[in-house]
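Asker: Attaching a single structure in structure tokens format; questions to follow.
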Amino acid sequence: MPQVLHGSQNENYIDRSDEELIDMIRHNTDEGAVDYLINKYTGMVKKESRALYLIGGEREDLIQEGMIGLYKAVRDYSADKGTSFFTFANMCVRRQMLSAVNMSNRKKHQPLNSAVSFYSGGDEEDVMLIDTLEADELSKPESLMMYRYNIDDMNKKIEGRLSVYEKKVLAEYLTGDSYDTIAARLGKPEKSIDNAIQRIRKKLDQ
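Written out as structure tokens, the structure reads:
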């Protein structure tokens, strides 16, 4: 869910669509619109970083890369392509993060050819994979191979390697909540949540 910072400077933008704000930026009518859009979608960047953190990235580096992707989205978005700014920004953020993870793994001689977003579905013990970034008209053909997602393989890892407790932690973690919030919800110490996340990272990275 996009985060909007309310304040006197933001009141000029709250009732405007993202596309209207981009138009304002293009015509140099209000530089504050850039900051407003960046603030609005910073939460999305942080949430997207969580899934990639589990499969090989470092969270602070991923957030930094994601913010670069968000700035690129503001710079490059065109309503003529028939997609919303949110969809385009989400794609740019994921692509920037995934590119960084791929680069890191190539240095380790561990090519990465999948990236996923998660949500908890069904009963509390299930973790499903959805919202994958598929190849579409927004991506250059030469880039498509890099962003193929191996969903079946990740599902098998989750189902075959994670304990029931780790699946619950994974589902909560990927909602974007803090460790202390997750700990309170599951009735566990915060250290237990942190340890579970580290185990999950190792199991999914194998």
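Read in order, the letters of the sequence shown are residues 9 to 214 in our numbering. Virtual Cβ for every residue (Gly too), placed ideally from N, Cα, C.
1) Using DSSP with H/G/I as helix, E/B as strand and the rest coil, what is S107?
2) Say yes only if the C-beta of A191 is nearer than 7 Å to one or more non-hydrogen atoms of the ligand FMN, and no if none qualify.
3) Roughly how many angstroms separate the alpha carbons of E27 and E39, rounded to a whole number?
4) Could you tell me whether any Cβ in chain B is nearer than 8 Å to the Cβ of E167?
5) Under DSSP, the alpha helix (DSSP H) around G51 begins and ends at which residues?
6) Considering only the beta carbon of each residue, do A204 and V177 sit closer than 8 Å?
7) Mind checking M136: buried by the 16 CB within 10 Å criterion, or exposed?
8) Just curious, the alpha helix (DSSP H) that G74 is in, first and last residue?
9) With DSSP collapsed to three states, give me the class of D185.
10) What's the C-alpha gap between M32 and A41?
11) List the endpoints of the continuous alpha helix (DSSP H) containing R207.
12) Note down, in chain order, each residue of its chain lying with its Cβ closer than 8 Å to the Cβ of A191, except the 5 sequence neighbours on either side.
13) Is the beta carbon of G184 sitting closer than 8 Å to the one on K55?
14) Name the two residues that bound the continuous alpha helix (DSSP H) containing D31.
15) Under 8 Å between the Cβ atoms of R209 and E174?
16) Can you tell me whether G90 is buried or exposed? The criterion is at least 16 other CB atoms within 10 Å of its CB, across all chains shown.
17) Taking the C-alpha atoms as reference points, what is the distance between D43 and R169?
18) Between I166 and I46, what straight-line distance do the alpha-carbon atoms span, to the nearest angstrom?
Answerer: For this structure:
1) Residue mapping note: residue 107 aligns to position 99 of the sequence shown, counting from 1. In this structure, S107 counts as helix in the three-state DSSP scheme.
2) With respect to the ligand FMN, the structure offers nothing, as it holds no ligand at all.
3) Position 19 of the sequence shown, counting from 1, holds the residue named residue 27. Position 31 of the sequence shown, counting from 1, holds the residue named residue 39. Distance between the alpha carbons of E27 and E39: 15 Å.
4) Note that chain B does not occur in the displayed structure, where there is just one protein chain.
5) Sequence index remark: in the sequence shown, residue 51 carries index 43 (1-based). Unbroken alpha helix (DSSP H) run through G51: G40 to L62.
6) As a first step, residue 204 must be located in the sequence shown, where it is residue number 196. As a first step, residue 177 must be located in the sequence shown, where it is residue number 169. Yes, the pair counts as a contact, with Cβ atoms nearer than the cut-off.
7) Along the sequence shown, read from residue 1 onward, the residue named residue 136 stands at position 128. Because M136 sits at a pLDDT of 39, beneath the cut-off of 50, its placement in the model cannot be relied upon, and the point is left open.
8) The count along the sequence shown starts at 1 and reaches residue 74 at position 66. Its alpha helix (DSSP H) spans residues R67 to D84.
9) The residue labelled residue 185 in the question sits at position 177 within the sequence shown. Three-state DSSP puts D185 in coil, outside helix and strand.
10) As a working note, residue 32 is residue 24 in the sequence shown. As a working note, residue 41 is residue 33 in the sequence shown. Roughly 7 Å separates the two Cα atoms.
11) Your numbering for residue 207 matches position 199 in the sequence shown. Residues E198 to D213.
12) On the sequence shown, residue 191 is found 183 positions in, with the first residue counted as 1. Cβ within range, chain order: P197, E198, S200 and I201.
13) Here residue 184 corresponds to residue number 176 of the sequence shown, with the count starting at 1. Here residue 55 corresponds to residue number 47 of the sequence shown, with the count starting at 1. Yes. Within cutoff.
14) Mapped onto the sequence shown, residue 31 falls at position 23. Residues D26 to R34.
15) Here residue 209 corresponds to residue number 201 of the sequence shown, with the count starting at 1. Here residue 174 corresponds to residue number 166 of the sequence shown, with the count starting at 1. No, these two residues do not count as a Cβ contact at 8 Å.
16) The residue given as residue 90 occupies position 82 in the sequence shown. With fewer than 16 other Cβ atoms within 10 Å, it is exposed.
17) The residue you call residue 43 lines up with position 35 of the sequence shown. The residue you call residue 169 lines up with position 161 of the sequence shown. If I take the Cα positions, the gap works out to 42 Å.
18) As a first step, residue 166 is located in the sequence shown; it is residue number 158 there, counting from the start. As a first step, residue 46 is located in the sequence shown; it is residue number 38 there, counting from the start. Cα to Cα, I166 sits roughly 33 Å from I46.
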